[in-house]
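This report refers to the structure that appears directly beneath it.
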């Protein structure tokens, strides 16, 4: 897939001002797209934080517990995760 782009003088100025050494124009634009995606992700995260600001997780039951051998048992399931060996952090 190919995308056409006719940069304005201002676009060219921004691209040149933000170009890293040995970086092509397409690399600069890709970096900008990643930053735009990150910005959108952060906006969604802020909206979630605002929406959940009154949530009190301490009032909820734990989703896991330790068994007698120190393994982690996932509450409400038959799943147990072995304790981490002291030899392998």
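Residue numbers (the working numbering): 38 to 126.
Using N, Cα and C, we set each Cβ at its ideal position, and we do this for glycine too.
- Following the DSSP letters along the chain, one finds residue 110 inside the beta strand (DSSP E) bounded by residues 109-111.
- Inter-residue distance for residue 107 and residue 100 is about 16 Å (C-alpha atoms, whole angstroms).
- According to DSSP, residue pairing for residue 101 in a beta bridge involves 111.
- Residue 118 is bridged by DSSP to 109.
- Residue 46 and residue 89 have their alpha carbons spaced roughly 43 Å apart.
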